[in-house]
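Comments concern the structure below.
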Amino acid sequence: MNIHEYQAKDLYRQYGIATGEGYPALTVAEAVEAAKKLPGPVWVVKAQIHAGGRGKGKFKEADAGSAGGVRLAKSVAEVETFAKQMLGKTLVTLQTGDAGKQVNRLYIEQGSAIARELYLSMLVDRSTSRVAFIASTEGGMNIEEVAHETPEKIITFSVDPASGYSAFHGRKLALALGLEGDLASQMVKMGGNLYRMFVEKDMSLLEINPLVVTKDDKLVCLDGKINFDSNALFRQKEVVALRDLTEEDPAEIEASKHDLAYVKLDGTIGCLVNGAGLAMSTMDIIKLYGLEPANFLDVGGSASKEKVREAFKIILNDPNVNGILVNIFGGIMRCDIIAEGVVAAARELGVKVPLVVRLEGTNVELGKEIMAASGLKIVSADDLEDAAKKITAEVKKAA
Ligand code: GDP
Ligand code: MN
0 MNIHEYQAKD LYRQYGIATG EGYPALTVAE AVEAAKKLPG PVWVVKAQIH
50 AGGRGKGKFK EADAGSAGGV RLAKSVAEVE TFAKQMLGKT LVTLQTGDAG
100 KQVNRLYIEQ GSAIARELYL SMLVDRSTSR VAFIASTEGG MNIEEVAHET
150 PEKIITFSVD PASGYSAFHG RKLALALGLE GDLASQMVKM GGNLYRMFVE
200 KDMSLLEINP LVVTKDDKLV CLDGKINFDS NALFRQKEVV ALRDLTEEDP
250 AEIEASKHDL AYVKLDGTIG CLVNGAGLAM STMDIIKLYG LEPANFLDVG
300 GSASKEKVRE AFKIILNDPN VNGILVNIFG GIMRCDIIAE GVVAAARELG
350 VKVPLVVRLE GTNVELGKEI MAASGLKIVS ADDLEDAAKK ITAEVKKAA
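The opening residue of the sequence shown carries number 0 in numbering that gives the first Met the number 0; numbering runs sequentially from there.
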């Protein structure tokens, strides 16, 4: 789960982490009010969308002005102008895809006098099973580019969870970022607060780009991109309250209500699979046979008939889907349960696109019987390759 920059900055404040002063705004009037509460003489008007690269982004609408989603204003009047230009408009950045994202919210911030822009992020490093820090002097830039062109400028290390964060880690960060004297002390303290926040809030990623040194030698987090571990949301009520559903895909919201692992993709073949690994290989083989998957969908190891029905509904409601491949390996999940769910959903909603089903494992015969007795037009497949071939052929035939 992601949150907005302004929400990330509220969390920084809760943990005593230095950040700019500012207020969110949903309307032009609120933006002006926010600007008046700040001293100026420079304000920053920032689009709040769940995507990075806003500064270098471009708006689709001609009347949104030529600048991107992060703008420096020299007066309250200019804040008003920018707010009018940006609110309700569509911002396209490197991370939004061509469709862009509608800007429904702004963050009005006191402008900082920046001396240097640095990069700092934290993530759960699966290879070491630890929380890792990633630091670079090349802040404000696209970090993937830095990693590609000057990898030596990125310093990474992890923290042993048993002993936790200590000043030693902070000094490592300061060294990596070229911070000395009082700035190094600020880094040591900030690193500790960041680590505590990261662990206490069950974050999986925190990216501060840029972390800045101001002209009066203060270390300030000027941006905040945070992902939370969805598996921990049950114990993070305050985090869940920050969720902005307008930023999420409606089908993905529906899927999460039924505890389905669903990710919408751009292709045309809907996939209903049990197990993440099997779902990945199903997507791979669809691509191998020249088509593109419309989604990733893992119904899980022990789905009920109702859950399968909801999953199937979500796929059927995607207008891009022109064929469906159900690929189930019955272990704990029984094939007859899947068959009942698929048949129920197909009856309820009607399937107008080709449907290929590959079942294997526990109660496979019973599952096949249920499918055959349903009267629905279902093409049965024996293995994964057979299934991919059949869906390709069926989709071609239907076109
Ligand atoms: P992003 O493009 O989505 O990553 O948005 P950021 O919040 O990182 O802002 C992009 C850039 O705008 C930063 O790298 C800074 O160069 C600039 N910027 C942001 N806030 C300020 C500020 O308060 N003062 C100044 N001078 N520049 C800022
Ligand atoms: Mn940034």
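Note that beta-carbon positions come from the ideal geometry of N, C-alpha and C, so glycine has one too.
A quick note: this is a predicted structure, and the numbers were derived from the prediction, not measured.
- According to the DSSP assignment, E108 belongs to no alpha helix (DSSP H) but to the beta strand (DSSP E) extending over 105-109.
- The Cβ atoms of A131 and M121 lie closer than 8 Å to each other.
- Note that the C-beta distance between A82 and L105 is below 8 Å.
- By the C-beta criterion, the stretch 89-98 is judged to be in contact with the stretch 46-66, since at least 3 inter-stretch pairs fall below 8 Å.
- Counting C-beta pairs closer than 8 Å gives three or more between the stretch 379-397 and the stretch 349-357, which meets the contact rule.
- Here L210 carries a strand assignment [DSSP, helix/strand/coil].
- With respect to L358, G329 sits close: the two C-beta atoms are nearer than 8 Å.
- Excluding its 5 nearest sequence neighbours in each direction, T213 has C-beta neighbours in its own chain below 7 Å: S111, A112, I113, A114, V219, listed in chain order.
- In the three-state reduction of the DSSP assignment, G329 falls in the strand class, which pools E and B.
- Residue P209 holds the alpha-carbon nearest to the alpha-carbon of G54 among P38, P209, I16.
- In the structure shown, S157 adopts extended strand secondary structure according to DSSP, grouped into three states.
- Contact between the stretch 221-241 and the stretch 268-288 is absent: fewer than three C-beta pairs spanning the two stretches fall below 8 Å.
- Counting the other Cβ atoms within 10 Å of the Cβ of R70 gives 16 or more, which makes it buried.
- As the crow flies, the alpha-carbon of V31 is around 10 Å from that of L37.
- Assigned with DSSP and collapsed to three states, S126 falls in coil, not helix or strand.
- Counting only residues of its own chain and dropping the five nearest sequence neighbours on each side, G360 has a CB closer than 7 Å to the CB of F328, G329, G330, C334.
- Note that the C-beta distance between G340 and F311 is below 8 Å.
- With fewer than 16 other Cβ atoms from the protein chains shown falling within 10 Å of its own Cβ, R234 counts as exposed.
- Assignment of R70 by DSSP, reduced to helix, strand and coil, places it in the strand class.
- Checking the 7 Å criterion, the Cβ of N208 is within range of a heavy atom belonging to the ligand MN.
- Across the structure, T155 and D201 are spaced so that their CA atoms are roughly 20 Å apart.
- By DSSP's assignment, R115 forms a beta bridge with V212.
- Exposed is the label assigned to F167, since fewer than 16 other Cβ atoms lie within 10 Å of its Cβ.
- Distances between the C-beta of V69 and the heavy atoms of the ligand GDP include at least one below 7 Å.
- Inclusion of A24 and A33 in the CB contact set at 8 Å is warranted, their separation being smaller than that value.
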